[in-house]
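In the numbering used here, the protein residues as written are 1458 to 1610.
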């Protein structure tokens, strides 16, 4: 896979989906599997938190799960531009310039993710957007101009 910075990229700085479709091929499926992996990891972190707090965290399961998920996503997206699930699936997020996420980009994306996950309609709209948008972007991606791409080789 060519480095898109060496080739003609779109105005946004992200790889052009028409001229460089290899960056977006299979991304929706990979994101779905990455999400499942991330959910399993966050669940394990929540179980461990319950053990470490002598089951107190289990009584507050939803809050513990949300907080640990938030911290996990912020830490992994700001340090490697991908959660551990995304890394296993070979994808990463890039900002509107085509650069890896920094702390602010990660915070904006995580905030958008939690906002979309709060209600059913934004979740459905986000999935639909991934299926029909040229860059396979969900709602948070569309709002901040980011995209998940196959990791450049």
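Glycine is no exception: its CB is placed at the ideal position from the N, C-alpha and C atoms. Predicted, not measured: the structure shown is a model, and the values here were computed from it.
Asked	Found
Residues near residue 1486 by beta carbon distance below 6 Å, same chain, minus five either side	none
One or two residues paired with residue 1606 in a DSSP bridge	1549
Alpha carbon of residue 1521 to alpha carbon of residue 1472, nearest angstrom	37 Å
Three-pair Cβ contact test at 8 Å for the region 1506-1518 versus the region 1528-1548	no
Option nearest residue 1480 by Cα separation, candidates 1571, 1566 and 1555	1555
First and last residue of the uninterrupted alpha helix (DSSP H) at residue 1488	1484-1509
Contact under 8 Å by Cβ, residue 1560 with residue 1535	yes
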